[in-house]
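See below for the structure under consideration.
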Amino acid sequence: MSVDLSVSLGSLKLKNPVLTASGTFGYGTEYAELYDLSRLGGVIVKTITLKPRPGNPAPRIWEVGGHGMLNSIGLANVGVEAFIAEKLPALKNLGAAVIVNVAGSTIEEYWEVVEKLEPQPGFDAFEINISCPNVKDEGMAFGSNCAATEQIVRGLRDRTRRPLIPKLTPNVTAIGEIARACEAAGADALSLINTVVGMAVDVQTRRPRIATVTGGYSGPALKPIALAKLYEVRKNVSLPLIGIGGISSATDALEYIITGAAAIEVGTANYVQPKITLEIIDGLKHYCEKRKIARLADLIGTLDTSIG
Amino acid sequence: MSVDLSVSLGSLKLKNPVLTASGTFGYGTEYAELYDLSRLGGVIVKTITLKPRPGNPAPRIWEVGGHGMLNSIGLANVGVEAFIAEKLPALKNLGAAVIVNVAGSTIEEYWEVVEKLEPQPGFDAFEINISCPNVKDEGMAFGSNCAATEQIVRGLRDRTRRPLIPKLTPNVTAIGEIARACEAAGADALSLINTVVGMAVDVQTRRPRIATVTGGYSGPALKPIALAKLYEVRKNVSLPLIGIGGISSATDALEYIITGAAAIEVGTANYVQPKITLEIIDGLKHYCEKRKIARLADLIGTLDTSIG
Amino acid sequence: MIQECGALRRKEVIHPEIFDLWLECPEVAHQSHAGQYLHLLIKGATGVTLRRPLSIAGIEGGLIRLLVRIVGEGTSALAAVPVGTIMDVIGPLGIPFDYSKVSQALLVGGGIGGAPLLFLQDELIGKSIPTDYFLGAKTQDEYPLDPEEVERRSIFAATDDGTFGSAGFVSLQVNQWLQHHDHAGVRVYSCGPLLMMREVDRICRLYDLPHQASLENRMGCGIGVCQGCAVRVNDGKGDPRGGYRLVCKDGPVFDAMEIEWAVLGESYR
Amino acid sequence: MIQECGALRRKEVIHPEIFDLWLECPEVAHQSHAGQYLHLLIKGATGVTLRRPLSIAGIEGGLIRLLVRIVGEGTSALAAVPVGTIMDVIGPLGIPFDYSKVSQALLVGGGIGGAPLLFLQDELIGKSIPTDYFLGAKTQDEYPLDPEEVERRSIFAATDDGTFGSAGFVSLQVNQWLQHHDHAGVRVYSCGPLLMMREVDRICRLYDLPHQASLENRMGCGIGVCQGCAVRVNDGKGDPRGGYRLVCKDGPVFDAMEIEWAVLGESYR
Ligand SMILES: Cc1cc2nc3c(=O)[nH]c(=O)nc-3n(C[C@H](O)[C@H](O)[C@H](O)COP(=O)(O)OP(=O)(O)OC[C@H]3O[C@@H](n4cnc5c(N)ncnc54)[C@H](O)[C@@H]3O)c2cc1C
Ligand SMILES: Cc1cc2nc3c(=O)[nH]c(=O)nc-3n(C[C@H](O)[C@H](O)[C@H](O)COP(=O)(O)OP(=O)(O)OC[C@H]3O[C@@H](n4cnc5c(N)ncnc54)[C@H](O)[C@@H]3O)c2cc1C
Ligand SMILES: Cc1cc2nc3c(=O)[nH]c(=O)nc-3n(C[C@H](O)[C@H](O)[C@H](O)COP(=O)(O)O)c2cc1C
Ligand SMILES: Cc1cc2nc3c(=O)[nH]c(=O)nc-3n(C[C@H](O)[C@H](O)[C@H](O)COP(=O)(O)O)c2cc1C
Ligand code: FES
Ligand code: FES
């Protein structure tokens with residue numbers, strides 16, 4: 000039986016729902032030495048900012064046992080100009096959708112980086128990392144505030160015809176409200192979740208394990224949290240959703256798709272098993288075949304929540 | 000070397016900082032068959048409500064691999080009257096501090112349950128479970144709203160002379176603000192965190208793993224999240240703090256104490272290793288001995304966050 | 000209830016997915032009765048947070064027998080534990096089978112559900128209570144005992160596909176037995192798949208026989224503090240416990256009259 | 000860089016906490032140079048999420064040698080992997096040692112840091128470049144090689160407490176060597192504890208000798224995409240990379256002149 004794995008995120012069509020998460024796949028081509036990237040639904044490049052950023056003080060990462068990892072990379076990246084000159088050209092013939100993730104330290108910076116990228120060919124959509132600290136708001140993430148989120152997305156809507164995918168932070172009381180703000184401002188889809196704030200301490204030295212004290216928690220332990228956020232967002236908006244958080248198997252991906260994700264992103268698992276994305280694609284196909292589901296898209300949001 | 004493990008939570012003195020978390024230690028005496036409870040710093044009984052509650056539909060729990068578990072017990076309990084008549088008397092001679100955890104579906108219910116308990120002897124403090132859904136506010140947890148939190152705690156302050164310990168939910172944008180509201184309303188200490196909202200899906204049946212779809216995530220994977228919340232709260236208030244989340248070793252407990260907790264609660268780990276609390280107490284002593292720290296209290300909040 | 004650490008003394012593979020374990024836990028063994036279970040810590044197993052409940056399948060001196068089926072990470076890890084390893088056990092837990100005033104016992108087991116009934120058979124024989132044990136499984140490869148033990152225990156074996164013992168559901172055999180025997184003083188004990196126990200109960204109600212069924216559920220604490228193992232036993236009207244029972248503490252053995260099978264099914268996922 | 004799955008062919012215990020592994024990964028072996036490392040997946044290890052970086056300590060046909068010290072859950076689990084197990088490897092990774100235009104090489108290893116220098120010694124001997132290898136450890140029980148191999152390789156062994164080889168820090172030995180030999184065409188290669196490399200570097204700067212040091216750090220991806228393994232190399236002024244280098248990709252072998260040891264220390268915790 001042939002299974003149609005293609006899904007749509009608004010006007011963006013993906014040949015399958017498996018994407019690689021920003022910050023875990025470099026500038027998109029590093030893993031090309033290990034496998035044929037054209038098999039992916041798409042790649043999402045690391046967050047690009049207006050100016051180059053060296054990143055945060057080291058140490059920047061800490062492994063949280065078998066649960067995942069903490070990171071405080073600090074959006075280290077080459078900046079939008081070097082990205083356009085040096086990195087974007089290589090993505091042109093990837094054979095998979097290319098999504099550029101962007102961020103700023105101010106609302107205007109979000110707009111500017113997209114303005115610079117918009118005229119460039121070679122990519123298909125923007126993912127908006129709204130989890131960055133807002134320097135004007137005591138460093139609270141833009142994405143934890145409906146007004147700031149709406150302002151960013153509305154401004155971007157005026158500046159690009161490409162699909163806009165705000166990426167939501169889980170570190171909020173009511174993620175559904177942030178999602179509604181994005182929908183109202185013209186977003187085409189939403190992705191979630193970014194990392195959860197976390198921390199670890201070395202009791203020998205009494206110092207934090209990462210230099211910035213707290214960082215972003217990612218990996219397998221996040222899955223229940225991310226699924227619950229997805230479920231909440233799904234109840235609030237009708238936009239297509241991309242599920243992210245601890246996905247490292249086809250079963251994980253299916254939990255998200257059944258809960259309501261049209262696509263998924265694989266993050267930390269890329270570091271561990273670079274080809275896991277391909278196994279997930281195969282696993283989704285196999286699941287549908289076994290159940291005679293002709294179109295994977297028919298699975299999206301089929302969670303049965305009745306209590307008998 | 001003899002180490003003084005005693006700590007203070009305001010006027011409440013504990014002989015050591017190790018408590019058992021509400022909902023994981025029944026009505027306080029069930030584990031007495033396995034060990035001498037008087038060795039504990041204290042026990043915290045499960046949440047008591049005005050009326051008896053049968054609890055949520057089954058299934059109510061799900062193990063999240065090696066990361067922890069989800070639960071949606073639904074505050075099943077015998078109600079305050081049966082608690083006073085049948086359970087409280089057994090706690091009188093426990094030889095450890097007894098903290099009664101309470102909750103309500105309305106603000107008034109919080110007040111009433113404390114009013115009923117206040118005249119009773121046999122316990123030392125109240126922990127206030129403000130993570131319960133507020134039936135008047137679309138089921139949002141009281142503890143995710145500063146005003147509701149402040150109102151609950153202020154009302155309780157008028158109704159009890161015992162130490163009041165609001166237990167904070169992590170499912171908020173700015174836990175520091177909730178903490179400040181508690182401090183302003185007259186809380187004596189704060190405990191944190193309650194469970195993180197989580198979810199899991201059975202991809203074979205396409206049904207949620209627990210009947211209520213989402214539930215509370217607890218266990219080892221929570222530690223980084225809880226530590227980060229503790230660190231944030233510590234920056235916001237000067238109240239003594241009780242750390243909770245994934246603690247199952249003395250090293251875990253030390254991470255909390257060094258970050259700023261005056262005491263800790265052991266939750267899910269009680270189910271796995273009932274005597275782990277005793278091992279933690281011994282481990283804390285050993286750590287202090289090795290480093291010639293005469294008073295464990297001197298360790299609290301000694302985290303060195305300087306970046307070299 | 001005690002917590003005891005004791006060595007894994009023997010391990011025997013019955014089928015690739017079913018194995019027999021013998022733990023040396025004399026204190027727990029001494030207190031144990033048929034129908035009770037252990038809450039076992041499987042140390043160092045990946046993907047496992049909680050203990051695992053396992054029925055006591057028998058006692059031999061200070062040794063406790065477990066009969067285990069590999070279904071997930073915990074049981075796989077348990078199967079790989081080397082003989083000699085010290086295991087951490089809490090037990091005995093739960094309400095045992097009751098056989099006071101019984102003059103003939105009918106034991107009906109399905110698959111790995113046969114485990115606690117082996118212990119019950121031993122106890123009943125010890126009390127000289129006439130006992131017939133029907134133990135079924137889907138197929139020979141899943142039959143939880145080796146043929147030699149089936150023979151020795153005079154178990155009436157059945158498999159759905161007839162590859163071992165007689166063909167068909169054990170409930171059919173029980174029905175036949177009841178058609179050909181006197182019912183005075185008969186009590187039925189079942190443990191196995193829900194559908195099997197439900198069918199056995201239908202038959203018991205037909206013949207008006209007392210029936211005890213041993214239920215399973217996911218467990219947190221195993222000792223009644225987490226309320227996680229609750230199952231619905233009726234519509235809750237007028238029931239002070241809201242129609243919920245804790246499998247770990249109110250059970251695992253329940254009087255089948257307490258159980259409404261249709262609503263119970265919802266608690267099992 | 001390739002990903003290859005190959006069998007663990009041999010395992011030898013040198014001390015209870017140090018062991019030798021030989022993996023059959025011919026494709027990776029074929030591309031490997033001294034100073035490079037593997038990023039190894041330790042499947043089924045509890046308490047481990049990420050791969051573990053391990054230096055290539057030698058190549059023998061299609062076999063890759065690893066010399067591993069048990070320090071935590073990952074390395075403990077690795078030590079327990081049975082011979083014959085198929086291991087998943089990404090490699091070779093990182094920048095190798097450079098020995099162009101070298102007429103005399105001095106290798107200075109400390110503890111398990113000796114691993115990549117064994118491979119370097121093999122390569123240098125292959126190129127007929129005169130090589131002296133100083134390998135120190137705290138004490139005999141932590142010495143990373145067995146005496147027979149030390150002998151065979153003509154390694155100058157030292158331990159801090161004198162329980163094996165000569166007594167004292169290897170840096171002292173290097174200093175002595177330099178006092179008694181011609182410095183023309185000498186290049187120094189170090190790998191080991193930070194303090195040791197720093198001391199070696201002090202000596203190298205004194206004698207104005209080129210020095211390559213192999214650094215370690217916690218690693219996420221191992222291939223330069225996560226930016227997690229960054230170390231500070233100077234105050235960052237005017238450095239387009241802000242004074243950060245990726246150990247996984249810009250290293251692990253660095254020209255020691257790039258390194259400011261005092262600030263580097265902060266990146267290591
Ligand atoms: C009182 C009691 C007595 C039991 N006695 C035995 C016994 O003697 N021999 C035996 O082999 N098994 C017995 N079980 C079942 C056994 O506890 C489970 O098979 C085991 O916990 C599964 O662990 P796992 O990690 O291998 O599987 P998991 O990965 O946890 O789960 C695999 C599958 O088993 C189901 N499952 C998990 N836990 C339970 C549970 N507690 N009850 C029912 N299904 C579960 C899951 O829903 C899933 O479908 C008993 C259970 C109870 C409650
Ligand atoms: C390029 C490179 C080459 C290496 N080559 C070897 C080798 O040939 N042989 C060998 O035994 N070890 C080598 N290491 C170190 C090895 O990677 C760590 O010892 C290992 O990852 C620890 O894993 P664990 O799970 O046992 O310990 P963990 O439980 O992860 O940690 C235990 C201790 O080791 C420290 N640690 C963890 N990871 C690293 C790391 N990547 N680098 C330094 N310290 C770490 C931790 O901070 C902690 O103190 C190398 C490291 C790097 C970066
Ligand atoms: C080291 C690291 C760096 C990351 N960098 C970014 C980033 O630059 N931009 C972004 O939007 N998300 C970033 N993320 C978040 C991931 O894209 C993803 O949302 C998160 O890791 C959860 O998914 P996972 O559990 O599959 O890793 C990063 C994650 C990690 C682990
Ligand atoms: C099964 C279960 C029931 C719980 N019930 C309560 C409760 O009634 N009241 C409460 O304040 N917290 C309750 N909690 C939360 C715990 O007290 C604790 O805050 C949380 O589990 C985090 O700690 P842990 O990771 O150590 O388990 C419960 C937790 C679990 C696992
Ligand atoms: S398993 Fe905890 S109450 Fe039954
Ligand atoms: S380990 Fe990921 S960049 Fe070096």
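As given, the protein sequences belong to chains A, B, C and D, one line each in that order.
Throughout the first sequence, residue numbering follows numbering that gives the first Met the number 0, covering 0 to 307 in sequence.
Throughout the second sequence, residue numbering follows numbering that gives the first Met the number 0, covering 0 to 307 in sequence.
Throughout the third sequence, residue numbering follows numbering that gives the first Met the number 0, covering 0 to 268 in sequence.
Throughout the fourth sequence, residue numbering follows numbering that gives the first Met the number 0, covering 0 to 268 in sequence.
Ideal placement from N, C-alpha and C gives every residue a C-beta, glycine not left out.
Note that the coordinates shown come from a computational prediction; the quantities given were computed from them, not determined experimentally.
Listed in chain order, the beta strand (DSSP E) runs fully inside the stretch 56-121 of chain C are 57-59, 62-68, 85-92, 103-109, counting runs of at least 3 residues. Think of a sphere of 7 Å around the beta carbon of residue 143(B): the chain A residues whose beta carbon falls inside it are 172, in chain order. The way I'd put it, the stretch 7-24 of chain D doesn't touch the stretch 92-107 of chain D; fewer than three beta-carbon pairs between them come closer than 8 Å.
Chain-order list of chain A residues neighbouring residue 243(D): 53, 54, 57, 75, by C-beta distance under 8 Å. One Cα belongs to residue 115(D), the other to residue 53(D), and the distance between them is close to 9 Å. Between ligand 4 and the CB of residue 226(A), the shortest heavy atom gap is not smaller than 7 Å. In this structure, the C-beta of residue 247(D) stays at least 7 Å away from each heavy atom of ligand 3.
Using a C-beta cut-off of 8 Å, the stretch 131-143 of chain B makes no contact with the stretch 230-248 of chain B, since fewer than three inter-stretch Cβ pairs fall below that distance. At least one CB of chain B lies nearer than 8 Å to the CB of residue 231(C).
Annotated three-state conformation of residue 82(B) is helix, per DSSP.
Beta-bridge partners of residue 211(D) (DSSP): 188(D), 254(D). About 4 Å separates the CB atoms of residue 221(B) and residue 245(B); that is less than 8 Å, so the two are in contact. At least one heavy atom of ligand 3 falls within 7 Å of the beta-carbon of residue 246(A). For residue 66(A), the secondary structure class from DSSP, reduced to helix, strand or coil, is coil. Neighbours of residue 43(C) in chain D, taken as residues whose beta carbon is under 8 Å from its own, are 45 in chain order. Ranked by how close their Cα comes to the Cα of residue 190(A), the residues 134(A), 228(A), 223(A) have 228(A) in first place. Near chain B, meaning a CB-to-CB distance below 9 Å, the residues of the stretch 0-13 of chain C are 0, 1, 2. The Cβ atoms of residue 66(D) and residue 111(D) lie closer than 8 Å to each other. Taking C-alpha positions only, residue 247(B) is separated from residue 266(B) by approximately 8 Å. Within its own chain, the residues whose Cβ lies closer than 7 Å to the Cβ of residue 185(C), once the five positions on either side in sequence are excluded, are 103, 105, 208, listed in chain order. The C-beta of residue 107(A) comes no closer than 8 Å to any C-beta of chain B. Contact between residue 250(C) and residue 53(B) is ruled out by a C-beta separation of about 17 Å, above the 8 Å threshold. Going by DSSP, residue 263(A) is part of the beta strand (DSSP E) stretching over 262-265.
Shortest gap from the CB of residue 193(B) to any heavy atom of ligand 4: under 7 Å. Around the beta carbon of residue 223(A), a 10 Å sphere encloses 16 or more other beta carbons of the protein chains shown; the residue is thus reported as buried.
Taking the Cα of residue 284(B) as reference, the smallest distance to any Cα among 59(B), 14(B), 226(B) is reached at 14(B). For residue 149(B), there are no C-beta contacts with chain C under 7 Å, since the nearest C-beta of that chain is about 31 Å from it. In the structure shown, residue 52(B) adopts extended strand secondary structure according to DSSP, grouped into three states. Residue range 174-183 is occupied by the alpha helix (DSSP H) that includes residue 179(A). Taking 7 Å as the cut-off, one finds at least one heavy atom of ligand 6 near enough to the beta carbon of residue 218(D). As far as DSSP is concerned, residue 25(C) takes part in no beta bridge. Contact between residue 269(B) and residue 82(B) is absent: CB atoms are separated by about 20 Å, not below the 8 Å threshold. Inter-segment contact for the stretch 154-169 of chain D and the stretch 28-36 of chain D is absent: fewer than three beta-carbon pairs are separated by less than 8 Å. Taking each of 213(B), 255(B), 21(B) in turn and checking the Cα distance to residue 60(B), the smallest one comes out for 213(B). Across the stretch 260-277 of chain B, CB contacts with chain C closer than 8 Å involve 267, 269, 270, 271, 272, 273, 274, in sequence order along the chain. Interface with chain B (8 Å Cβ-Cβ cutoff): residue 303(A) is included.
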